[in-house]
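By numbering that gives the first Met the number 0, the letter at position 82 of the sequence shown is numbered 81, and the numbering carries on one by one without gaps.
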Amino acid sequence: MSYSFPDGFVWGTATAAHQVEGGTWNNDWWAFEHQADSGTVEPAGDACDHYWRYPSDIALLADLGFGAYRFSLEWSRIEPEAGEFSVAALDHYRRMCATTLDHGLIPVVTFHHFTTPRWAVTDGGWTDPAIVDRFARFCERSTAHLGDLIGMATTINEPNIVSLMGHMVGAFPPGHHDLGEYALANDHLRAAHRKGYDAIKAGPGHFPVGSTVAMGDWWAPEGSEAVLESTRWMHEGQHLEAAAGDDFIGVQAYSRTRLGADGMPTGPEEGVETLIMGYEYWPDALEVSIRSAASITGSPVMVTENGIGTTDDEQRVRYVTDALGGLTRCLDDGIDVRGYFYWSLLDNFEWALGYGPQFGLIGVDRDTQARTVKASAEWLGAIARANRLP
Ligand code: GCO
């Protein structure tokens, strides 16, 4: 048995500026990493030096057989101080888009991937109402410079993780635990998506634009259905509803969250394999998330992230095989799934967990920056090239 994907199905990988570029010192994450009490295990530092090595990294991705590359703009490079735009930084991302296109890949540009310029967070960052117009202005300026070369765009990467981890869990900047702040940040993130979306659409170029939401499978004990539904709505639903009517919805799924009767997460189920991320090995998360995103938004689905952090590359192949199995069941049921982006191209900076979790199809030597193509990269690249699952 083999499975053919629809014509035009997009196969890509994804990265984010702060996780791969190196030297992104002018954003809130860099500041947070250097705060003694932040809990981040190590700073991003040189990351994968992708700011300079992107030409060879993109060439490698194209050689493997992929058709698209999703990367993010580092807002703090483009707008290092309020209202001060760097044409040199914008030109850098123009060269990245052009290089991606030269290799026959679709450049998929994320406008915000977790990092916010230092100047924009001094008055509360995502809890400050000013962030909405600031983000829209950044989208407008960047699209004016890059729009003609962009193939697809996502506004804010996982707004629900920005609010949850930054303002409730406290493991992302600003490291707070405050329900009021969490709600406020969600309001501003939804509004910023809408305004950013309009700003990008109004600029040059004609390309699909969408949001991305961190999703997953959810479980709660019998009798806790109401708690399960309200938690899911708070975490995923509100951001999916805010994205209804967009060109597509970006689904990002990795695992499952188990809740107790009180709606609080209980951690992995006994007997289920766990990963270095602390969550369960749960490839079914993708199928559940695609179905839910499609039904809530009514939009075409793009899997903008799915992957596994592991040192066992065979486990990676197993995980993606199972996740893609779920994706094909969605296609068979008539759900309009347009593409799959593996997270990530490179082993990179996994935020508070530093360089421990290895999500990459390509390994990176932390001392020499040497790249090593893993077997999983060849395997997934061959699937991408054939547009078919063996
Ligand atoms: C996210 C981000 C990525 C992560 C990835 C692995 O989904 O949290 O988009 O930056 O690195 O998901 O955890």
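Note that beta-carbon positions come from the ideal geometry of N, C-alpha and C, so glycine has one too. Since this is a predicted model, take the numbers as computed values, not measurements.
- Task: Compute the beta-carbon to beta-carbon distance between G66 and A383, rounded to the nearest angstrom, for a pair I have assumed lies under 8 Å.
- Result: 6 Å
- So is Q34 buried or exposed if we call it buried at 16+ other beta carbons inside 10 Å? exposed
Mind the definition here: the segment 217–225 touches the segment 121–133 only if three or more C-beta pairs lie below 8 Å; say whether that holds. no
Between E304 and the ligand GCO, is there a pair consisting of the residue's CB and a ligand heavy atom that are separated by less than 8 Å? yes
- Sequence-distant residues of the same chain with beta carbon closer than 6 Å to T371, five excluded per side: G362
| Alpha carbon to alpha carbon, what distance is there between C47 and R365? | 8 Å
Among T23, V40, E41, M263, the one whose alpha carbon lies nearest that of W51:
T23
Let's see if you can read the secondary structure: which residues bound the beta strand (DSSP E) around P158?
Premise fails: P158 lies in the alpha helix (DSSP H), 158–162, not in any beta strand (DSSP E).
#### Entry: Residue from P158, G262, P172, T273 with nearest C-alpha to E32
P172
Legend entry - Spatial distance of G38 from A15 (CA atoms): 21 Å
(message) Between V32 and the ligand GCO, is there a pair consisting of the residue's CB and a ligand heavy atom that are separated by less than 8 Å?
(response) In the sequence on display, residue 32 carries Glu and not Val. False, no ligand heavy atom lies under 8 Å from that Cβ.
If we count Cβ pairs, one from each stretch, closer than 8 Å, do we get three or more for the segment 159–175 versus the segment 230–250?
-> yes
Kindly provide the ranges of any alpha helix (DSSP H) runs that are 4 or more residues long and lie completely inside the segment 290–346, ordered along the chain. 312–331
With a cut-off of 8 Å, do at least 3 Cβ pairs link the segment 137–148 to the segment 92–109? yes
Q.
Less than 9 Å between the C-beta atoms of D132 and Y196, yes or no?
A. no
Self-check item: Contained alpha helix (DSSP H) runs [length at least 4] in the segment 193–255, N- to C-terminal order
Solution: 224–231, 237–241
Report, in whole angstroms, the separation of the C-beta atoms of I149 and H102, which I expect to be a contact under 8 Å.
-> The Cβ separation is near 15 Å, so there is no contact.
Report the residue from E304, Y318, T303 whose alpha carbon sits nearest the alpha carbon of T310. Y318
message = Closest to Y253 by C-alpha separation, out of F247, A243, R315, D90, would be which residue?
response = R315
Bounding residues of the alpha helix (DSSP H) (the contiguous stretch that carries G362):
G362 -> not in any alpha helix (DSSP H); beta strand (DSSP E) instead, spanning 361–363.
Q. Ordered along the chain, which non-local residues of its own chain (more than five positions away) have a Cβ less than 6 Å from that of A374?
A. D312
### Query
Taking Cβ positions, are R76 and T153 nearer each other than 9 Å?
no
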